[in-house]
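Below is one structure, written out as structure tokens, with a few remarks after it.
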């Protein structure tokens, strides 16, 4: 009997979804729907904004929740956003600072007939070097590619941070329960903290950096011998090319990287064939 009611309820949901889908096509638009005490339309919109060169932007501040954020190089200074109409991002310029506030609502999409991912694409002119990039957000993707900034500050929770081909003097990175990847970048000094986080570092050039981690993992990929000072405790492990090392290990090499942590894993890969496998 319970199974009968369950099947009837499921067919009802499917019928409602079909009606909504047909209705959206009838009005000439593709829509998506979520379930929040009943079916609700996800009404998306897009904006495109050009920042005039007269603004002389030197600093970028972005706060985002449940967003996909991409910052990359291009010809002009542009901000492109896709958002649910009830949660329009706020873009403002104050002096030489560009600020973006984008806080979407977490939702379970029931029926999707269009791309309903809230997103921000920020394009920066190729010849522009910034003084600071400041990123903060929860459950979001932040992708920074081919950028130059004297200072980089990030504070993320439960999302993904990608720094690819970045040049900078200093970086302060704080993460909880997320994934952080730093590839092909030159950052002179880094201060990184992580809790329940995963870090991937490949082809990173720096002079002095420090990691403080708890219940986290760090994978280091390099063609050169790294200068490492590793001080771990608790249920931690340290491996170099899949061979176990002591929890307190000092290795001489090109760079100066200090790692301290508790209940964490550090994996070091030097051989080229290992790098191709990961």
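In the UniProt record's numbering, the protein residues as written are 1 to 278.
Don't be surprised by glycine CBs; every beta carbon is placed ideally from N, CA and C.
Note that this is a predicted model, so its numbers are computed, not measured.
Closer than 7 angstroms: residue i CB and nearest the ligand SAM heavy atom
i, result
"residue 164", "This structure does not include the ligand SAM; it has no bound ligands of any sort."
Exposure label - residue i; buried when at least 16 CB within 10 Å
i, result
"residue 166", "buried"
"residue 175", "buried"
"residue 242", "exposed"
"residue 118", "buried"
"residue 48", "exposed"
"residue 54", "exposed"
"residue 137", "buried"
"residue 90", "exposed"
"residue 96", "exposed"
"residue 86", "exposed"
"residue 46", "exposed"
"residue 93", "exposed"
For residue i, the three-state DSSP class (helix, strand or coil)
i, result
"residue 129", "coil"
"residue 223", "coil"
"residue 105", "coil"
"residue 59", "strand"
"residue 170", "strand"
"residue 240", "strand"
"residue 85", "helix"
"residue 54", "helix"
"residue 139", "coil"
"residue 165", "strand"
"residue 74", "strand"
"residue 246", "coil"
"residue 261", "strand"
"residue 252", "coil"
"residue 270", "coil"
"residue 116", "coil"
"residue 96", "coil"
Check whether residue i and residue j have beta carbons under 8 angstroms apart
i, j, result
"residue 177", "residue 158", "yes"
"residue 122", "residue 71", "yes"
"residue 217", "residue 179", "no"
"residue 77", "residue 100", "no"
"residue 152", "residue 74", "no"
"residue 269", "residue 221", "yes"
"residue 43", "residue 80", "no"
"residue 234", "residue 263", "yes"
"residue 66", "residue 127", "no"
Interface flag, residue i vs chain B, CB-CB below 8 angstroms
i, result
"residue 216", "Going by chain labels, chain B is absent from the structure shown, which holds only one protein chain."
3-residue-minimum beta strand (DSSP E) runs that sit fully inside the stretch 193 to 217, ordered along the chain: Within the stretch 193 to 217, the complete beta strand (DSSP E) runs of at least 3 residues are 198 to 205 and 208 to 214.
Can we say the stretch 175 to 187 touches the stretch 153 to 166, given the rule of at least three CB pairs closer than 8 angstroms? Judged by Cβ distances under 8 angstroms, the stretch 175 to 187 makes contact with the stretch 153 to 166, as three or more pairs qualify.
Is the stretch 244 to 255 touching the stretch 223 to 234 in the sense that three or more CB pairs, one from each, lie closer than 8 angstroms? Contact annotation: the stretch 223 to 234 touches the stretch 244 to 255, with at least three C-beta pairs closer than 8 angstroms.
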